[in-house]
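Take the sequence shown: its position 143, counting from 1, is numbered 142 in numbering that gives the first Met the number 0, and each next residue is one higher. C-beta atoms are modelled at their ideal positions from N, C-alpha and C, and glycine is treated no differently. Quantities reported herein were computed from a predicted structural model and do not represent experimental measurements.
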Amino acid sequence: MVQISRGKFENIKACANDKGIIAAVAMDQRGSLKKSINSLKEGYGTAATISTFKSKVVQVLTRYASAVLLDPEYGLAALGERASGCGALLSYEVTGYDANAVGRLPRLLPQWSARRLIEAGTNVVKILLYYNPADEAWINDIKRAFVERVGDECKALDIPFFLEPLAYDNVYQEKSLEFARLKPGYVRSIMEEFSQPRYGIDMLKVEVPINCTYLVGSLAYKGSEVAYERTAAIEHFQAAAAAVKIPFIYLSGGVDDAVFRETLELAAEANVPFSGVLCGRATWKGGIPVFVHDGESALEEWLLDQGVRNIQSLDNVLAVCAQPWYTIYGGIDAIEVIDK
């Protein structure tokens, strides 16, 4: 029997669909979204245009999502635009990292707290953390203490805490073949580390443990460099899942929607009990050039057509491949909900 406090339980439930699956849209991108917009029209990525883009995506796509992840910098207006019954997650971290500093150390938004995020209307507090299991001990010690503090803050307020750890290496670039070979071990180590009770994390939003660009036969495979055959890829999924003790969902990592769906099907083939997705760019990134070149109304048309098709196709895959968030605990009846 696992004990979960009532506030955490009810708020996780609010972000899942009636099958217990997290079918959520990620719309908390800030620096990367601004960069994408500015690459198409210099100077167009203002706070106002970013906020408008987020609001339009949320208005349309949350009709088909169990929850939406936003940020309090550009996304508060969009938070109020979400469909009825759609749960809310808010990011607590400063976007990106200082490329000139050592360690990709995390920072919290200085004018926000978990309490203030709750007051803004969130069901979940989310933190993104860059993490290299092979980094110097002092760097990872700072990061682990950082996560512990956020976990304790969320525990005190009885609000769920979702962690989004992103693997990196100090030598190899994340999209390289060399890192693709390291990634399975890194993701497994990260999932094992942050499922420890000391961190107070309720759910992990994780990367898949492979880079499909280097998976033979995948939609993303370019036909040259190889990091894994299909059998090995399945084993990597299984090894990462075996290391975790709390529910986890997958992030899309900016890949094309068809590639992401194929990857989820591979996870299901590996019998991995992932409990849904927080899918961002794979669903809506095609709307960015439409918005920049043709405006808000054209974006809405694109979302109502291609955006909806993307998210419905993903929902269809989740219905077959994902498992309820409480599966890892042995089912809903294995949870004792306690009042604080």
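* Asked: Between the Cα of S35 and the Cα atoms of P196, V101 and H292, which residue gives the shortest distance?
  -> Within the sequence shown, the letter at position 36 stands for residue 35. Among P196, V101 and H292, the Cα nearest to that of S35 is on H292.
* To do: Report all residues from its chain with a CB closer than 7 Å to the CB of R106; omit the five preceding and five following residues, and keep chain order.
  => As a position in the sequence shown, residue 106 is number 107, starting the count at 1. The residues are E92 and V93.
* Residue of V67, K182, Y227 and V149 minimising C-alpha distance to A13 -> Walking along the sequence shown from the start, residue 13 turns up at place 14. Ranking V67, K182, Y227 and V149 by Cα distance to A13 puts V67 first.
* Asked: Checking contacts by CB at 9 Å: is D17 closer than that to chain D?
  -> Among the chains of the structure shown, chain D does not appear; only one protein chain is present.
* Asked: What separation, rounded to the nearest whole angstrom, lies between the Cα atoms of P164 and P246?
  -> In the sequence shown, the residue the question calls residue 164 occupies position 165. In the sequence shown, the residue the question calls residue 246 occupies position 247. Their Cα atoms are separated by approximately 14 Å.
* In DSSP terms, what E163 is bridged to -> In the sequence shown, the residue the question calls residue 163 occupies position 164. DSSP output for E163 lists L127 as bridge partner(s).
* **Own chain partners of K284 with C-beta closer than 8 Å, once the 5 adjacent residues on each side are dropped** => Here residue 284 corresponds to residue number 285 of the sequence shown, with the count starting at 1. Only S35 and G253 meet the Cβ criterion.
* C-beta atoms of L203 and V243 nearer than 9 Å -> Within the sequence shown, residue 203 is the residue found at index 204, counting from 1. Within the sequence shown, residue 243 is the residue found at index 244, counting from 1. Taking 9 Å as the Cβ cut-off, L203 and V243 qualify as a contacting pair.
* Within the chosen definition, does the segment 247-266 reach the segment 60-80 through at least 3 CB pairs nearer than 8 Å? -> no
* Asked: Under 9 Å between the Cβ atoms of P132 and I200?
  -> As a position in the sequence shown, residue 132 is number 133, starting the count at 1. As a position in the sequence shown, residue 200 is number 201, starting the count at 1. Cβ atoms of P132 and I200: not closer than 9 Å.
* To do: Decide if A46 is buried, meaning its Cβ has at least 16 other Cβ atoms within 10 Å, or exposed.
  => Start at 1 with the first residue of the sequence shown, and residue 46 comes out as number 47. Label assigned to A46: exposed.
* Asked: For P288, which residues from the same chain have a beta carbon less than 8 Å from its beta carbon, with the 5 sequence-adjacent residues on both sides left out?
  -> The count along the sequence shown starts at 1 and reaches residue 288 at position 289. If we look at P288 and ignore the five residues flanking it on each side, its Cβ neighbours are L39.
* To do: Keeping to the same chain, check which residues put their C-beta closer than 6 Å to that of N309; ignore five residues upstream and five downstream.
  => By one-based count along the sequence shown, residue 309 stands at place 310. Within the same chain, N309 has close Cβ partners D256 and T282.
* Which residue's Cα is closest to the Cα of S217: E261, T230 and V205? -> Working through the sequence shown from its first residue, we reach residue 217 at position 218. The shortest Cα separation from S217 among E261, T230 and V205 belongs to E261.
* Asked: Would the C-beta of A231 count as close to the ligand NAD, meaning under 8 Å from any of its heavy atoms?
  -> You won't find the ligand NAD in this model; it holds no ligand whatsoever.
* Asked: To the nearest angstrom, how far is it from the Cα of G275 to the Cα of L78?
  -> Position 276 of the sequence shown, counting from 1, holds the residue named residue 275. Position 79 of the sequence shown, counting from 1, holds the residue named residue 78. Those two C-alpha atoms are separated by around 21 Å.
* Closest to S54 by CA distance: which of N37, V24 and S31 is it? -> Translated into the one-based positions of the sequence shown, residue 54 becomes position 55. The residue with the shortest Cα to Cα distance from S54 is V24.
* To do: If I'm right that K18 touches P323 with Cβ under 8 Å, what's the distance once you round it to whole angstroms?
  => Sequence index remark: in the sequence shown, residue 18 carries index 19 (1-based). Sequence index remark: in the sequence shown, residue 323 carries index 324 (1-based). About 6 Å separates the two Cβ atoms, so the contact holds.
* Starting from the C-beta of L69, find all residues in its chain whose C-beta is less than 8 Å away, skip the five residues before and the five after it, and write them out in chain order. => Here residue 69 corresponds to residue number 70 of the sequence shown, with the count starting at 1. Closer than 8 Å at Cβ, skipping near neighbours: M26, D27, K53, V57, L75, A77, L78, A87, L88, L89 and S90.
* Asked: Are G286 and L298 close, meaning C-beta to C-beta below 9 Å?
  -> Against the sequence shown, residue 286 aligns to sequence position 287. Against the sequence shown, residue 298 aligns to sequence position 299. Yes.
* **Exposed unless 16 or more other CB atoms sit within 10 angstroms - verdict on E206** => Counting from one through the sequence shown, the residue named residue 206 turns up at place 207. Buried.
* Asked: Secondary structure at V258, three-state DSSP: helix, strand or coil?
  -> Taking the first residue of the sequence shown as position 1, residue 258 is located at position 259. In the structure shown, V258 sits in a helix (DSSP, three-state: H, G or I).
* Alpha carbon to alpha carbon, what distance is there between E72 and E41? -> Here the question's residue 41 lines up with position 42 in the sequence shown. Here the question's residue 72 lines up with position 73 in the sequence shown. The alpha-carbon atoms of E41 and E72 are separated by roughly 21 Å.
* Asked: What span of residues does the alpha helix (DSSP H) with M190 cover, start to end?
  -> Translated into the one-based positions of the sequence shown, residue 190 becomes position 191. L176 to E192 is the span of the alpha helix (DSSP H), which, as asked, contains M190.
* To do: Could you pull out every unbroken beta strand (DSSP E) segment of at least 3 residues lying fully inside the segment 24-110, listed in chain order?
  => 66-69 and 86-90
* **Cut-off 6 Å between Cβ atoms - residues of its own chain near H235, not counting five sequence neighbours on either side** => Counting from one through the sequence shown, the residue named residue 235 turns up at place 236. Excluding sequence neighbours, H235 sits near P183, P208 and I209.
* Asked: What residue does the alpha helix (DSSP H) around E234 start on, and which one ends it?
  -> Sequence index remark: in the sequence shown, residue 234 carries index 235 (1-based). Looking at the DSSP string, the run of the alpha helix (DSSP H) that includes E234 is R229 to A241.
* Asked: First and last residue of the alpha helix (DSSP H) that includes F145?
  -> Taking the sequence shown and counting its residues from 1, the one referred to as residue 145 is at position 146. Per DSSP, F145 belongs to the alpha helix (DSSP H) from A136 to L156.
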